[in-house]
Structure formats: C-alpha cells, structure tokens
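What follows is a single structure, written as structure tokens, with notes after it.
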Amino acid sequence: MGLYYHLSGEEKEFAKKKSLFCLIIYDIISNKRRLRLAKLLEGFGMRVQRSCFEVDLEKASSSYQLLLGARQNSYDAKQEDNNIIYVGSLEETVRLNGVRDQ
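Okay, so the sequence shown: first residue is 1 according to our numbering, each after it adds one.
Take a look at the structure:
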C-alpha cells in the first residue's frame, strides 16, 4: 500500500512534497567570499562543477530565503561578480547530458 492509498488523483498531486530544483552558478572574484558561498552551498546540495551546485529545497522552507540572502551577501557589483540561480520544480526538471562540439 502506498502513502497516498485513500486519496484521489487530485488529492495525491496536492499532497506531494513541493520542491524547488535550483542550479546555482557563480563567478566571484574574492577568494574569501567565494569560499564562504561554496561552503554554504555544500550544506544545501551537490557540487557539479567548481562554481556550480544542484540544490533541492522545499518551497515553503526558510532554506530558500537563506539561499537568496547568501547569494546577495556574496555579490559585489564593483568586483564584477556574477551569481545566478535557475529555479524549477523537481517534477519538471530535465537533465541534458552530452558533449558540445566546438
């Protein structure tokens, strides 16, 4: 028997954990700020490249707000830093695997 045994199809969809899939990519000049952000992100998800993390968060959690705050604190426009968070739902995420020919 499943977790949603007595629920209708609509109720099952509503009851599912709502999560956000975030891809965080950054280019930060300062070693100190870059290391601080990387250590924080390691607690949230998996590093997939040197400056790229995959993170799965619940929509209603304070973790997402903490992540946005950390992103803002690590950013310095004067240093020409970049940091981007791509957000999608885990149910809709499509992973592209491959090699790009130059």
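Beta carbons: idealized from backbone N, C-alpha and C, even for Gly.
Check, Outcome
"The alpha helix (DSSP H) spanning Arg34 covers which residue range?", "Asn31 to Glu42"
"Along the chain, where does the beta strand (DSSP E) containing Arg47 start, and where does it finish?", "Gly45 to Gln49"
"Only counting the same chain, and skipping five residues up and downstream in sequence, which positions put a Cβ closer than 6 Å to that of Ile85?", "Cys22 and Ile24"
"To the nearest angstrom, report how far apart Asn73 and Ser19 are at their CA atoms.", "24 Å"
"With a CB to CB cut of under 6 Å and the five nearest residues on each side skipped, what residues in its chain are close to Gly88?", "Phe21"
"Only counting runs of 3 or more residues, tell me where the beta strand (DSSP E) segments fall wholly within the stretch 50-90, in order along the chain.", "52-58 and 82-89"
"Quick one: Cα of Gly43 to Cα of Leu67, how far?", "11 Å"
"Starting from the C-beta of Arg33, find all residues in its chain whose C-beta is less than 6 Å away, skip the five residues before and the five after it, and write them out in chain order.", "Ser74"
"Let's test the definition: count the other Cβ atoms within 10 Å of the Cβ of Ile28 and tell me whether it reaches 16, buried, or not, exposed.", "buried"
"Confirm, please, whether the CB-CB distance from Leu37 to Tyr26 is below 8 Å.", "yes"
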